[in-house]
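The working numbering applies: residue 1 is where the sequence shown begins, and numbers increase by one.
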Amino acid sequence: MKVLALDYGRARTGVAVSDPTGTIARPLEVVEQAGSEQGLARLIELIGEHEVERVVVGMPLTLGGERGEQAQETETFIETLAGVTEVPVVPFDERFTTDLAEQTPAAAPEDARAAAHLLSSYLTWASARA
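Structure (structure tokens):
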């Protein structure tokens, strides 16, 4: 299953995509203001262009696993995105992905690297459940 991952932020959203087998994640790009009409349109383009079957959005939980203000904003974004695409949009715990991205040298923008780490974690979790 091909999956698109989003490391959502009000200003910048990192995007990563898996390979067709759903085993390898690679950073793709950063979408500015993903919750705006223009940002949502770009995400819909990416969903179609990469023929993904699921979108995973990083849920910024606190270290204790609780939902704060950013998580509530992310939930609203997930609902908005789910309303404009037929592809399932699901949340996934993103704790530590930004820290990992900061430590990973790469040519891709940090937000896109964070999305790739999120996607790698999700793919590992999904394959363990299969």
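Beta carbons are placed, not taken as given, at the ideal position from N, Cα and C, and that holds for glycine.
Considering only I44, L119, H117, A71, the residue with the shortest C-alpha distance to R10 is A71. Distance from the Cα of K2 is smallest, within the candidate group A34, E51, L28, for E51. Here A115 is buried: its Cβ has 16 or more other Cβ atoms, across all protein chains shown, within 10 Å. Contact between L6 and T13 holds: CB atoms are separated by about 5 Å, below the 8 Å threshold. Taking 4 residues as the minimum length, the alpha helix (DSSP H) runs contained wholly in the stretch 16-61 are 37-49, in order along the chain. Spanning the alpha carbons of E29 and G35 requires a straight line of approximately 16 Å. Counting every other CB atom within 10 Å of its CB across the protein chains shown gives E37 a total below 16, marking it as exposed.
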